[in-house]
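>
Number of protein chains: 2
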Amino acid sequence: MKIIKVRTKPAYEIEIRGGLLTDLAQDLKDRGYGDRYFLITDSNVRQLMAEDLLEMLREAGLPVEILSFPAGEASKNMATVVELARKMVQAGADRRSAIVAFGGGVTGDIAGFLASIYMRGIAYIQIPTTLLAQVDSSVGGKTGVDLPEGKNLLGTFYQPRRVYIDYAVLGLLPLREIRQGLAEVVKYGMIKSQRLFKYLERHSGEIMQLEPEPLEHIIAESCRIKAWVVSKDEKEAGLRRILNFGHTLGHAFEAASAWRLPHGEAVAVGMVAAAKISEKRGLISPEITHRLENLLTSLGLPVRLALELPVSEVLTYLRSDKKARSQWPVFVLVRDIGETVFDPEVPEAMVKEVAEELGCR
Amino acid sequence: MKIIKVRTKPAYEIEIRGGLLTDLAQDLKDRGYGDRYFLITDSNVRQLMAEDLLEMLREAGLPVEILSFPAGEASKNMATVVELARKMVQAGADRRSAIVAFGGGVTGDIAGFLASIYMRGIAYIQIPTTLLAQVDSSVGGKTGVDLPEGKNLLGTFYQPRRVYIDYAVLGLLPLREIRQGLAEVVKYGMIKSQRLFKYLERHSGEIMQLEPEPLEHIIAESCRIKAWVVSKDEKEAGLRRILNFGHTLGHAFEAASAWRLPHGEAVAVGMVAAAKISEKRGLISPEITHRLENLLTSLGLPVRLALELPVSEVLTYLRSDKKARSQWPVFVLVRDIGETVFDPEVPEAMVKEVAEELGCR
Ligand SMILES: NC(=O)c1ccc[n+]([C@@H]2O[C@H](COP(=O)([O-])OP(=O)(O)OC[C@H]3O[C@@H](n4cnc5c(N)ncnc54)[C@H](O)[C@@H]3O)[C@@H](O)[C@H]2O)c1
Ligand SMILES: NC(=O)c1ccc[n+]([C@@H]2O[C@H](COP(=O)([O-])OP(=O)(O)OC[C@H]3O[C@@H](n4cnc5c(N)ncnc54)[C@H](O)[C@@H]3O)[C@@H](O)[C@H]2O)c1
Numbered sequence: 001m002k003i004i005k006v007r008t009k010p011a012y013e014i015e016i017r018g019g020l021l022t023d024l025a026q027d028l029k030d031r032g033y034g035d036r037y038f039l040i041t042d043s044n045v046r047q048l049m050a051e052d053l054l055e056m057l058r059e060a061g062l063p064v065e066i067l068s069f070p071a072g073e074a075s076k077n078m079a080t081v082v083e084l085a086r087k088m089v090q091a092g093a094d095r096r097s098a099i100v101a102f103g104g105g106v107t108g109d110i111a112g113f114l115a116s117i118y119m120r121g122i123a124y125i126q127i128p129t130t131l132l133a134q135v136d137s138s139v140g141g142k143t144g145v146d147l148p149e150g151k152n153l154l155g156t157f158y159q160p161r162r163v164y165i166d167y168a169v170l171g172l173l174p175l176r177e178i179r180q181g182l183a184e185v186v187k188y189g190m191i192k193s194q195r196l197f198k199y200l201e202r203h204s205g206e207i208m209q210l211e212p213e214p215l216e217h218i219i220a221e222s223c224r225i226k227a228w229v230v231s232k233d234e235k236e237a238g239l240r241r242i243l244n245f246g247h248t249l250g251h252a253f254e255a256a257s258a259w260r261l262p263h264g265e266a267v268a269v270g271m272v273a274a275a276k277i278s279e280k281r282g283l284i285s286p287e288i289t290h291r292l293e294n295l296l297t298s299l300g301l302p303v304r305l306a307l308e309l310p311v312s313e314v315l316t317y318l319r320s321d322k323k324a325r326s327q328w329p330v331f332v333l334v335r336d337i338g339e340t341v342f343d344p345e346v347p348e349a350m351v352k353e354v355a356e357e358l359g360c361r
Numbered sequence: 001m002k003i004i005k006v007r008t009k010p011a012y013e014i015e016i017r018g019g020l021l022t023d024l025a026q027d028l029k030d031r032g033y034g035d036r037y038f039l040i041t042d043s044n045v046r047q048l049m050a051e052d053l054l055e056m057l058r059e060a061g062l063p064v065e066i067l068s069f070p071a072g073e074a075s076k077n078m079a080t081v082v083e084l085a086r087k088m089v090q091a092g093a094d095r096r097s098a099i100v101a102f103g104g105g106v107t108g109d110i111a112g113f114l115a116s117i118y119m120r121g122i123a124y125i126q127i128p129t130t131l132l133a134q135v136d137s138s139v140g141g142k143t144g145v146d147l148p149e150g151k152n153l154l155g156t157f158y159q160p161r162r163v164y165i166d167y168a169v170l171g172l173l174p175l176r177e178i179r180q181g182l183a184e185v186v187k188y189g190m191i192k193s194q195r196l197f198k199y200l201e202r203h204s205g206e207i208m209q210l211e212p213e214p215l216e217h218i219i220a221e222s223c224r225i226k227a228w229v230v231s232k233d234e235k236e237a238g239l240r241r242i243l244n245f246g247h248t249l250g251h252a253f254e255a256a257s258a259w260r261l262p263h264g265e266a267v268a269v270g271m272v273a274a275a276k277i278s279e280k281r282g283l284i285s286p287e288i289t290h291r292l293e294n295l296l297t298s299l300g301l302p303v304r305l306a307l308e309l310p311v312s313e314v315l316t317y318l319r320s321d322k323k324a325r326s327q328w329p330v331f332v333l334v335r336d337i338g339e340t341v342f343d344p345e346v347p348e349a350m351v352k353e354v355a356e357e358l359g360c361r
């Protein structure tokens with residue numbers, strides 16, 4: 001078992017343990033986050049495990065209701081939030097009720113957002129069930145929904161009261177989803193921890209087998225790094241942007257592929273791109289890029305684009321990035337594994353060249 | 001001119017001055033809340049004054065767009081918020097854009113909520129144009145929208161960067177709307193300021209004539225009191241509940257009338273009810289209730305229900321009040337003008353008796 005403290009305001013803890021769901025009921029009773037609980041989940045997770053969890057909680061005597069929505073990013077919108085809110089009101093949820101977000105990043109983002117606005121804010125806890133949610137989206141308090149015009153355009157910063165990570169549930173997750181999460185784990189190594197990076201290099205096989213010990217280790221290290229970053233910069237004013245390593249181009253690749261390229265795979269190639277740009281900016285030697293490529297490959301992640309994306313669209317997207325201060329993004333580069341630099345002056349021609357090396361046309 | 005400091009986190013100021021709209025452009029330029037402004041207003045205010053304001057701001061060289069929605073409480077819902085958000089995205093609004101809420105409480109609540117969730121929070125300023133909004137809804141950072149199941153069920157606590165109160169705009173407001181705001185002003189006297197109460201007793205005539213000096217005085221005193229209360233208790237944990245004086249029964253009257261009774265009028269009768277209950281609980285003499293009734297009458301506000309409401313419905317509503325800790329509300333009573341007490345143990349029979357004295361059947 002590992003406990004990570006997240007020093008946001010208010011602060012909270014992430015508990016990481018295989019099998020913790022089996023004694024969750026007692027813990028909720030002891031901690032008393034609400035006098036009633038609303039378990040929010042998606043249709044897949046409901047079938048796979050949420051009905052079982054519901055039964056366990058009820059058997060332990062906790063007053064809990066379950067509410068779900070159709071699985072998938074397409075549900076991550078305000079209509080879903082309003083529907084869930086109305087069901088809660090109809091069920092009599094008030095300010096002392098608490099929300100339990102049980103599912104992947106989509107569930108966490110929707111349920112966290114709902115908790116932040118329901119009667120102007122009620123308690124919520126996160127039980128992330130995808131690797132991506134366990135190492136990324138459940139930490140940091142970003143909540144939100146999409147608009148037809150773009151992802152995550154409406155949302156809040158709202159911290160959960162506690163995050164429970166039971167990696168035993170990953171056994172049910174398709175391998176491709178596991179890989180989406182691993183891309184973020186590699187990112188944490190690249191931006192902040194030479195040690196985590198080396199650990200991944202040595203243990204990639206066991207990790208792909210979902211062996212408990214290395215899983216617990218990499219999840220805990222990822223949460224520790226993300227928790228450190230967000231506690232230094234809760235509202236994304238400065239430091240937090242190091243989390244964008246690999247994401248600046250990664251998002252552009254996703255967008256240019258009209259979201260056919262999965263996020264983690266886009267980020268994997270985006271990290272290779274950031275490494276190559278770091279090389280060209282004279283920050284690192286090609287050896288580091290090679291280690292990154294080897295590690296990604298051993299984790300089943302791509303290092304080149306599988307789709308032929310038009311480089312012009314990638315560049316157009318970069319110029320309209322909502323996180324950009326001016327009309328051109330600040331790139332997060334590395335000068336070593338675990339050490340980042342911000343670079344607002346990467347020439348467009350250099351980005352184009354790298355994008356083409358990676359498979360854009 | 002008066003300036004009131006609101007010591008929330010973050011803190012901000014309320015500027016109160018007749019005619020301040022005419023030099024708003026320069027002030028916005030000097031303070032620079034955003035690099036683009038989105039003026040949000042309702043259809044009435046747009047026609048009456050927002051187009052003029054827009055022109056003034058543009059002439060001063062400020063980059064500003066206007067967005068509006070149909071006037072009225074029926075627009076205060078998530079569909080309006082999503083529509084405004086989408087228009088902002090389409091117009092290229094980003095994290096450095098700022099929202100200007102220009103209108104009554106409905107506009108302030110919608111625009112403030114939108115500001116709090118747009119890209120997880122952007123700057124906004126309030127320019128309230130009804131007396132109710134100037135003395136109540138623009139201060140304190142409560143934002144929100146209604147659900148079909150009830151009012152203000154979704155929302156946030158989110159402070160504006162500045163509030164600009166130009167009471168000259170009240171000249172366009174129907175007298176009935178002025179009275180809705182005056183009910184809240186009387187409330188501030190009752191809960192916190194013997195002096196304000198006496199001022200209202202002496203100056204009710206001038207106030208009804210909308211004379212600038214007394215208007216500025218009562219708006220400033222109201223803002224000062226509300227600002228003091230909310231800075232002590234930003235998230236409505238304790239003290240802030242004194243603002244519910246007259247509202248516990250007031251809301252029940254509104255609900256029992258199916259919202260045919262306007263809010264301020266319901267609160268006026270609700271305050272008389274709270275005074276009568278205070279009497280019956282041995283806290284005050286009948287003389288105080290009489291002064292309250294006289295003041296309300298001189299301001300054109302009712303002291304008895306104009307509609308015959310079923311007392312059973314009033315009681316049912318009280319038992320389901322979302323602000324109640326248990327199933328029965330804590331009443332805010334007075335032991336003198338300007339001094340409140342919380343009373344969780346007002347007998348139901350006593351409430352019934354008072355409701356009947358005021359016109360319930
Ligand atoms: N808030 C943040 O900081 C943050 C950070 C990164 C990503 N995100 C968001 O996270 C979302 C992506 O998260 P995701 O990849 O977890 O998507 P997801 O929630 O849609 O989960 C992916 C799929 O796996 C299923 N699933 C979940 N747990 C399972 C399990 N244990 N076994 C089998 N199937 C399971 C889900 O039903 C879904 O079909 C995006 O919307 C993204 O914007 C948010
Ligand atoms: N956030 C808070 O703390 C808080 C407190 C109290 C009330 N409220 C909310 O405020 C709302 C009621 O506010 P309201 O009474 O201002 O309603 P409103 O915003 O609907 O305004 C009332 C009417 O007056 C019009 N109007 C506005 N300014 C005008 C002017 N200067 N001249 C002529 N017409 C004008 C509007 O177009 C509207 O038709 C409710 O939704 C209530 O929930 C919020």
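The listed protein sequences correspond, in order, to chains B and G.
With the UniProt record's numbering applied, the first sequence has no gaps in its numbers, which climb one by one up to 361 at the end.
With the UniProt record's numbering applied, the second sequence has no gaps in its numbers, which climb one by one up to 361 at the end.
From the three backbone atoms N, C-alpha and C, an ideal C-beta is built for every residue, glycine too.
Everything numeric in this text was worked out from a predicted model, so none of it was measured.
1. For a contact defined as C-beta to C-beta under 8 Å, what are the partners of Thr-156 of chain G on chain B?
2. On the DSSP letters alone, give me the boundaries of the beta strand (DSSP E) that Gln-126 of chain G sits inside.
3. Considering only C-alpha positions, which residue in the set B:Leu-28, B:Val-303, B:Pro-212 is nearest to Val-64 of chain B?
4. Is Lys-142 of chain B close to chain G? Criterion is C-beta to C-beta, closer than 8 Å.
5. Where does Tyr-167 of chain B sit, in a helix, a strand or coil, going by DSSP?
6. Spell out the partners DSSP gives Thr-156 of chain B in its beta bridges.
7. If I'm right that Gly-112 of chain B touches Thr-129 of chain B with Cβ under 8 Å, what's the distance once you round it to whole angstroms?
8. To the nearest angstrom, how far is it from the Cα of Pro-160 of chain G to the Cα of His-290 of chain G?
9. I want to verify the contact list: residues of chain G whose CB lies under 9 Å from the CB of Val-330 of chain B, in sequence order.
10. Reducing DSSP to helix, strand and coil, say where Tyr-33 of chain G ends up.
11. Going by alpha carbons, who is nearest to Tyr-317 of chain B out of B:Glu-353, B:Arg-36, B:Ala-256, B:Leu-333?
12. In the DSSP assignment, find the unbroken beta strand (DSSP E) run with Ile-4 of chain G in it and report its ends.
13. Starting from the N-terminal side, write out each stretch of the alpha helix (DSSP H) that is 4 residues or longer and does not extend beyond the region 233 to 312 of chain G.
14. Looking at Val-351 of chain B: is its Cβ nearer than 8 Å to the Cβ of Leu-307 of chain B?
15. For chain G, check one thing: does any of its Cβ atoms lie closer than 8 Å to the Cβ of Leu-147 of chain B?
16. Please identify the residue among G:Ala-79, G:Glu-83, G:Leu-84 whose C-alpha is closest to the C-alpha of Val-82 of chain B.
17. Would you mind reading off the limits of the beta strand (DSSP E) that contains Glu-13 of chain G?
18. In chain G, what lies closer than 9 Å to Val-82 of chain B by C-beta?
19. Using only CA atoms, which one of G:Gly-32, G:Asn-77, G:Val-135, G:Leu-153 lies nearest to Val-100 of chain G?
20. What does Ala-85 of chain G reach in chain B if we use C-beta pairs closer than 8 Å?
21. Out of curiosity, what's the CA-to-CA distance linking Val-135 of chain B and Ser-193 of chain B?
22. Nearest-angstrom Cα distance between Thr-156 of chain G and Asp-233 of chain G?
23. In angstroms with no decimal places, state the Cα-to-Cα distance between Leu-57 of chain B and Gly-34 of chain B.
24. Does any residue of chain A bring its CB to less than 8 Å from the CB of Gly-150 of chain G?
25. Please identify the residue among G:Tyr-118, G:Ile-165, G:Glu-177 whose C-alpha is closest to the C-alpha of Val-145 of chain B.
26. Taking 8 Å as the CB-CB cut-off, is Gln-126 of chain B touching chain G?
27. Per DSSP, what kind of secondary structure is Asp-343 of chain G in: helix, strand or coil?
28. So, do the region 218 to 234 of chain B and the region 257 to 265 of chain B have three or more beta carbon pairs nearer to each other than 8 Å?
29. Check for me: the beta strand (DSSP E) holding residue 370 of chain B runs from which residue to which?
30. Closer than 9 Å by beta-carbon distance: list the chain B residues that pair up with Val-106 of chain G, in chain order.
31. From what residue to what residue does the beta strand (DSSP E) around Ala-98 of chain G run?
32. Please confirm whether any heavy atom of ligand 1 lies closer than 7 Å to the CB of Ala-274 of chain B.
33. Any beta carbon of chain B sitting closer than 8 Å to that of residue 378 of chain G?
34. Give a single yes or no on whether Gly-121 of chain B has its beta carbon closer than 7 Å to a heavy atom of ligand 2.
35. I'd like to confirm the pairing. Which residues does DSSP put opposite Ile-66 of chain B in its beta bridges?
Let me lay it out:
1. Ser-116, Ile-117, Arg-120, Gly-121, Thr-156
2. 123 to 128
3. B:Leu-28
4. yes
5. helix
6. Looking at the DSSP assignment, Thr-156 of chain B forms no beta bridge with any residue, so it has no partner.
7. Going by Cβ atoms, the distance from Gly-112 of chain B to Thr-129 of chain B rounds to 14 Å, so no, they are not a contact pair.
8. 38 Å
9. Those within 9 Å of Val-330 of chain B in chain G number zero; the least Cβ separation is about 14 Å.
10. coil
11. B:Ala-256
12. 2 to 6
13. 247 to 256, 263 to 280, 286 to 298
14. no
15. yes
16. G:Ala-79
17. 12 to 16
18. Asn-77, Met-78, Ala-79, Leu-147, Leu-154
19. G:Gly-32
20. Leu-147, Leu-153, Leu-154
21. 15 Å
22. 15 Å
23. 14 Å
24. Protein chains B and G are contained in the structure displayed, whereas chain A is not.
25. G:Tyr-118
26. no
27. strand
28. no
29. Here chain B comprises residues numbered 1 to 361, so residue 370 of chain B is not present and cannot be evaluated.
30. None at all; the shortest Cβ gap to chain B is about 17 Å.
31. 97 to 103
32. no
33. This structure does not reach residue 378 of chain G, given that chain G is present from 1 up to 361, and the question cannot be answered.
34. no
35. B:Leu-39
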